[in-house]
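Student:
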Amino acid sequence: MTTASAPGKIILFGEHAVVSGVTALGSAIDLRAKVTVQDLSGSVLIKTKELTLQGFSLDLTSGRLESAQAAHATRYISAVLREFDVKDIQVCIDSSLPPAAGLGSSACIVVAAVAAISAHHGLGLSLREIAEISYRLEKNVQQGLGSPMDTALATYGGYLQISQDIQPIDLPPLEMVVGYTKMPHDTKSEVEKVQDLKKRYFELVDLIFQAIGALSEKAVPLIREHNHADLGRLMNVNHGLLMALGVSSRELDELVYAATGAGGALGAKITGAGGGGCMIALPGAAGVDALMVALRQARGVAFKVVTGCEGVRLEGDL
Ligand code: PMV
């Protein structure tokens, strides 16, 4: 039996603008997906146990699907098994990340599965190979959509600065709170919406993108110098610009206002494509607990997270 785990991610600054080559800043977080593989003679069995759901299973040999969420996770695992031509195996997924929320749940399942199979079958894949294979597989399952950021963060961990290429950047950890709207988000349609706006109003949208890129760059020294007051201000500006691009929603805005109002956050913004999914908030003097209470009172699911966490790793036996 071999277990690997990989972290989810948040985008601190720069979503949407990054699609047009402007700088973004992403971070691995301490919510992880664990994938355990073990030999199982004569069949392929994939079991999933996700945060928002009770345990359920899917038997690929009988083709029985017991949940749409299981089918979602299974598409990624099946792609990994096909890639390495693995049969006679049981794969268990245990993820603390909500699926389709923009926290990189599918990327960390793919990365953890590739690493677990590499170790179990003695393939000796390097981190670079794990990142490349995982990116290709995730993109195939998502029919060509997907930036390399999620699989890179799940593999290497830490912080990544993304523009034309992806650069690791050494920054101290931040304690943040994620607020999940419980509304799934659709990255493809949000990206198309913004790119369509850019086609119609290039000068306006390009200015917004440039401003967002400047925020991503100005945030780096603030994180390094632990200047959370200014970092929070920049998060609020980034949220305003994402609202201007039309990717916020009532649920997201309610969580953002609850965070910076009753929650006492220094700043809050959407993380990821928007439309649903999650926002992030930087706790202020009132602390993490007050922030989590405020988000729950605004009907969100709140998670405490730490940024800059470790990438994919092998775990001891479950
Ligand atoms: O919500 P997510 O994790 O799918 O983030 C999407 C980030 C975008 O910038 C909107 C798209 C991208 O590919 O970078």
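Each residue of the sequence shown is one higher than the last, beginning at 474 in this note's numbering.
Each residue gets a CB set at the ideal place from its N, CA and C atoms; glycine is no exception.
(1) Given the structure, does Thr-509 come close to ligand 3, in the sense that its CB is under 7 Å from one of the ligand's heavy atoms?
(2) Using a threshold of 7 Å, is the CB atom of Ser-620 nearer than that to any non-hydrogen atom of ligand 1?
(3) Going by Cα to Cα distance, which pick from Ser-551, Lys-691, His-489, Ser-478 is closest to Asp-659?
(4) Restricting to Cα atoms, I'd like to know which of Val-761, Met-752, Gly-789, Gly-757 is closest to Gly-773.
(5) Once DSSP output is grouped into helix, strand and coil, what is the label at Met-656?
(6) Would you check whether ligand 1 has a heavy atom nearer than 7 Å to the C-beta of Gly-719?
(7) What's the gap between the Cα of Gly-749 and the Cα of Ser-721?
(8) Is DSSP giving Ser-794 helix, strand or coil here?
(9) Tell me the DSSP bridge mates of Pro-645?
(10) When you compare only the Cα positions, how much space is there between Gly-494 and Ala-588?
(11) To the nearest angstrom, how far is the alpha carbon of Leu-725 from that of Lys-742?
(12) If you follow the beta strand (DSSP E) that Gly-760 is part of, which residue opens it and which one closes it?
(13) Tell me the rounded alpha-carbon separation between Ala-746 and Glu-663.
(14) Once you ignore the five residues that flank Gly-499 on each side, which residues in its own chain have a CB closer than 6 Å to its CB?
(15) Quick one: does the C-beta of Ala-746 sit closer than 7 Å to a heavy atom of ligand 1?
(16) Just mark Lys-671 as buried or exposed, buried being the case when its beta carbon has 16 or more other beta carbons within 10 Å.
(17) Here's the rule I'm using: 16 or more other beta-carbon atoms within 10 Å means buried, otherwise exposed. How should Gly-734 be labelled?
(18) Closer than 8 Å is the cut-off here; do at least three beta carbon pairs connect the stretch 764 to 771 with the stretch 671 to 680?
(19) Give a yes or no on whether the C-beta atoms belonging to Glu-788 and Thr-476 are separated by under 8 Å.
(20) By the three-class DSSP mapping on this structure, what secondary structure does Ala-580 have?
(21) Under a three-way DSSP split, which group does Met-716 fall into?
(22) Taking 8 Å as the threshold (C-beta atoms), are His-594 and Pro-572 in contact?
(23) What distance in whole Å lies between the Cβ atoms of Ile-685 and Asn-709, which are believed to be in contact at a cut-off of 8 Å?
Tutor: In terms of the structure at hand:
(1) As presented, the structure is devoid of ligand 3, carrying ligand 1 as its sole ligands.
(2) yes
(3) His-489
(4) Met-752
(5) coil
(6) no
(7) 8 Å
(8) As displayed, the chain neither begins before 474 nor continues past 791, which places residue 794 out of reach and without an answer.
(9) None; Pro-645 has no bridge partner.
(10) 30 Å
(11) 8 Å
(12) From DSSP, Gly-760 is part of no beta strand (DSSP E) but of the alpha helix (DSSP H) over 760 to 770.
(13) 6 Å
(14) Lys-482, Ile-484, Met-622, Leu-626, Leu-633
(15) yes
(16) buried
(17) exposed
(18) no
(19) yes
(20) helix
(21) helix
(22) no
(23) With a Cβ gap of about 13 Å, Asn-709 and Ile-685 do not count as contacting.
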